[in-house]
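These notes concern the structure reproduced below.
Numbering (my numbering), first residue to last: 9 to 261.
Below you can see the structure in the form of structure tokens.
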């Protein structure tokens, strides 16, 4: 693992804390914020390793916080989406180590910017009931591929749930189940790919306390904050971070 200066450690922990606050507040975006932020000053593969334990632990917390019965019902209702996401995550994760660094920045940056802008401008997709089975397989595949390559499959999942008019309370449960199941597969896949190994696991573990503290703060703030404004600010931050990743892909530094 590369040497990190005290400043780099501090910055990484602040990013993890902020990502946890956002996830606690709106239910997603922790991996997107962490991978965007960490990749801005770390090797993208180390950044990917760094998010893995936090992604797993925070998603498990989100699932258990809602209760097991709603989680089970959500898994039954969206089993196709769950299945294809997990398979695609595992498959895509195996090719991460073969992707050149600059290409990796594009893979990270372009979806971050595109998906964040889609939500910022208020675009809402609508999927007719008779097309939902096909949409589950198709959007689930895209989500899983992004998850395996970049560690984040939240934005596409949120867009899908909005497109099928999922009620807010159920959406939080479904998100937790999909993210929780996917994060287990993601960790296992990157143990196999070598991204998470005997060296990088310590960096990943070091990010966890900050992410959990942030998530606890986010949970407390959830009912007292202007969610629309907070989400908008978060998306703007994501666009800036994503543009920076694309810049690194173009310039190499």
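Just so you know, even glycine gets a beta-carbon here, dropped at the ideal spot from N, CA and C.
{"query": "Residue 126 vs residue 154 beta-carbon contact at 8 Å", "result": "no"}
{"query": "Rounded straight-line distance, which links the Cα of residue 79 to that of residue 221", "result": "24 Å"}
{"query": "Test item: CB-CB of residue 66 and residue 35 under 8 Å", "result": "no"}
{"query": "Meets three-Cβ-pair contact criterion under 8 Å: the stretch 223-233 and the stretch 121-135", "result": "no"}
{"query": "Contact the stretch 50-61 vs the stretch 177-184: 3+ CB pairs below 8 Å", "result": "no"}
{"query": "Any 3 or more C-beta pairs closer than 8 Å across the stretch 97-108 and the stretch 190-202", "result": "yes"}
{"query": "Simplified DSSP state of residue 82, which is helix, strand or coil", "result": "helix"}
{"query": "Within 8 Å, strictly: CB atoms of residue 54 and residue 208", "result": "yes"}
{"query": "Residue 169 classed as buried or exposed, judged by whether at least 16 other C-beta atoms fall within 10 angstroms", "result": "buried"}
{"query": "Per-residue DSSP class, three states only, for residue 187", "result": "helix"}
{"query": "Collapsed DSSP secondary structure at residue 49 in the structure displayed", "result": "coil"}
{"query": "Run of the alpha helix (DSSP H) containing residue 168, from where it starts to where it stops", "result": "162-171"}
{"query": "Status (buried if at least 16 other CB within 10 Å, exposed otherwise) for residue 13", "result": "exposed"}
{"query": "Residue 55 (DSSP reduced to helix, strand or coil)", "result": "helix"}
{"query": "Simplified DSSP state of residue 142, which is helix, strand or coil", "result": "helix"}
{"query": "Closer than 8 Å to chain D by CB, residue 161", "result": "Here there is only one protein chain, and chain D is not present."}
{"query": "Contact belief for residue 46 with residue 104 at Cβ below 8 Å, rounded distance in angstroms", "result": "15 Å between Cβ atoms; not a contact."}
{"query": "Pair within 8 Å by beta-carbon distance, residue 163 and residue 113", "result": "no"}
{"query": "Cβ-based burial, residue 242 [other Cβ within 10 Å; buried from 16]", "result": "buried"}
{"query": "Same chain only: Cβ atoms within 6 Å of residue 81, ignoring 5 sequence neighbours per side", "result": "none"}
{"query": "Which listed residue (42, 15, 33 and 142) has its alpha carbon closest to that of residue 216", "result": "42"}
{"query": "Which listed residue (70, 143 and 206) has its alpha carbon closest to that of residue 92", "result": "143"}
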